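According to the working numbering, the stretch in the sequence shown is residues 34 to 353, in order.
Just so it is clear, CB atoms sit at the ideal spot from N, CA and C, and this is done for glycine as well.
Bear in mind the structure is a predicted one, so any value in this text is a computation, not a measurement.
The structure appears below as structure tokens.
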Amino acid sequence: MVPNQIEIINHTRFLVILLISLPCLIFATVCGSKQKALYDLRRFKVVGWGGRFIVNRNALEQLLQYRKQHDASCGKDVKLQLPQSLPHSSYNVSQQGEVTLFYVTVTDHTLADELPNSLKHQVATSYQHLLVALPVIVGTNEEHVLLHIQLFTNTTKKVLVPYTTSNREVTHVESIEEDDDGRVTLRLGSDVMTFQVINEVKEDDGKNVAKDFEKVHGKAFTSYPSSFDWGCEFFGSRISFCQVLNEVWCELAVFGGDVCTVSSTSSSERSPTSMTVTKMTGTFRDMFPYLAETVPSESFEAETITREHATGIKYPCLTV
34 MVPNQIEIIN HTRFLVILLI SLPCLIFATV CGSKQKALYD LRRFKVVGWG
84 GRFIVNRNAL EQLLQYRKQH DASCGKDVKL QLPQSLPHSS YNVSQQGEVT
134 LFYVTVTDHT LADELPNSLK HQVATSYQHL LVALPVIVGT NEEHVLLHIQ
184 LFTNTTKKVL VPYTTSNREV THVESIEEDD DGRVTLRLGS DVMTFQVINE
234 VKEDDGKNVA KDFEKVHGKA FTSYPSSFDW GCEFFGSRIS FCQVLNEVWC
284 ELAVFGGDVC TVSSTSSSER SPTSMTVTKM TGTFRDMFPY LAETVPSESF
334 EAETITREHA TGIKYPCLTV
């Protein structure tokens with residue numbers, strides 16, 4: 034091939050790339066645009082426990098401020114704050130707040146049904162994880178949303194959690210061990226986090242606890258300010274939800290991390306329980322000093338959950 038031919042081909046490739054990316058160039062960052070939603074894109078099941086823990090409020094305020102500062106586009110317009118009151122939050126809201134821990138097994142029905150054989154050894158469709166999240170409220174209507182702080186899993190495969198908007202805040206630990214007494218231990222090198230779950234027998238059939246959790250957490254979830262990512266650059270159009278998302282990819286790119294998942298529930302079993310964090314060292318302590326400083330820390334409300342969900346997304350979510 035002669036040099037002139039190479040030059041022509043290179044120019045052609047550049048033109049093709051430019052034409053492919055050109056549609057996204059017509060979009061500009063607009064904070065607070067009219068909200069859009071795409072429902073029921075993925076189906077999944079969660080089985081496990083969730084608990085609410087009291088921590089230092091100032092540390093949580095700093096966390097929210099840090100997240101906003103890392104959103105150069107719309108951080109100043111994000112209407113994100115800690116709740117002033119929540120069900121059964123019998124703590125001093127001027128000094129204290131709360132975080133939620135979920136320890137669950139997730140089964141991603143959509144990926145399990147649609148994942149090509151060539152990708153099944155790379156992508157997890159069922160896995161355990163511990164999720165740390167922060168209840169927040171958004172906008173003038175004070176919609177309740179859960180803010181994804183960090184997720185720990187022991188799978189070695191790629192994890193694409195169906196109810197978070199990004200998988201950047203995922204840490205792969207070396208092991209998650211459970212014993213017969215309900216004690217769960219996460220290990221990362223010599224670093225350890227241990228908590229214990231005790232299923233309680235109460236007159237409450239779980240309805241009151243369920244109402245509390247529904248109010249505290251709402252139906253939306255975000256990994257803000259991390260940009261929305263459900264792995265569609267990896268999957269291409271081989272998965273149904275990516276076929277839908279690819280149609281609006283330029284819009285999603287504009288909103289970056291201002292995206293929430295929104296879920297509906299097809300079946301739910303819930304009952305009261307208790308969770309106690311008994312040990313946090315090394316990485317776990319460094320990531321969540323506000324929780325570590327309270328150890329041993331018992332949840333003031335917790336539940337056992339078995340739930341089937343369908344989830345989609347809405348955007349923008351935090352600037353409306």
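Taking the alpha carbon of ARG85 as the point to measure from, which residue in VAL295, LEU113 and TYR136 has its own alpha carbon closest?
-> Residue TYR136 is the option with its Cα nearest to ARG85.
Paired residues, beta bridge with CYS293 - DSSP = Answer is LYS347, bridged to CYS293.
Three-way DSSP call (helix, strand, coil) for PRO305 in this model = Note: PRO305 maps to strand in three-state DSSP.
Can the beta-carbon of ALA11 be found less than 8 Å from the beta-carbon of CYS293?
-> Nothing about residue 11 can be read from this structure; the chain reaches only from 34 to 353.
In chain order, what residues of the same chain have a beta carbon less than 8 Å from the beta carbon of LEU325, not counting five sequence neighbours either side?
-> It is worth fixing the name first, because residue 325 is Ala in this sequence and not Leu. Here the set comprises MET313, PHE317 and ARG318.
How about PRO195: is its Cβ closer than 7 Å to a heavy atom in the ligand ZN?
-> The ligand ZN is absent from the structure shown, which contains no ligands of any kind.
Contact check, THR186 vs SER159, beta carbons under 8 Å | No; because the gap between Cβ atoms is not below 8 Å, this pair is not in contact.
Drop a sphere of 10 angstroms on the beta-carbon of GLY289, count the other beta-carbons inside from all chains shown, and report buried for 16 or more, exposed for fewer.
-> GLY289 should be labelled buried.
How long is the line joining the alpha carbons of PHE60 and ASP110, rounded to whole angstroms?
-> In this prediction, PHE60 has a pLDDT of 49, which is less than 50 and means its spatial position is unreliable; what the coordinates show is noted afterwards. Whole-angstrom Cα-Cα distance: 19 Å.
Determine the direct distance from the alpha carbon of CYS283 to that of SER54, and round the result to whole angstroms.
-> With a pLDDT of 44 at SER54, under the threshold of 50, the predicted position of this residue should be treated as unreliable, though the coordinate-derived value follows. In a straight line, the C-alpha of SER54 is about 9 Å away from that of CYS283.
Beta bridge counterpart(s) of VAL194 as assigned by DSSP = Within the DSSP bridge table, the entry for VAL194 names no partner.
Span of the beta strand (DSSP E) around THR218 | For THR218, the uninterrupted beta strand (DSSP E) segment begins and ends at 216-221.
DSSP beta-bridge partners of ASN82 = The question names Asn, yet the displayed sequence has Trp at residue 82. As computed with DSSP, TRP82 is found in a beta bridge with TYR136 and THR337.
Span separating the alpha-carbon of ASN174 from that of TYR348 = Spanning the two alpha carbons is a distance of roughly 16 Å.
Per-residue DSSP class, three states only, for HIS162 | When DSSP states are grouped into helix, strand and coil, HIS162 belongs to the strand group.
Identify the residues that DSSP records as bridge partners of GLY130: which are they?
-> According to DSSP, which records beta bridges pairwise, GLY130 is partnered with VAL88.
Please work out which residues of its chain come closer than 7 Å, Cβ to Cβ, to ILE231, disregarding the five sequence neighbours upstream and downstream, and give them in chain order.
-> Excluding its 5 nearest sequence neighbours in each direction, ILE231 has C-beta neighbours in its own chain below 7 Å: GLY215, THR306 and SER307, listed in chain order.
Kindly list the residues whose CB is nearer than 6 Å to the CB of LEU119, restricted to its own chain and excluding five residues on each side of it in sequence; keep chain order.
-> Excluding residues within five positions, the ones whose Cβ falls inside 6 Å are VAL249.
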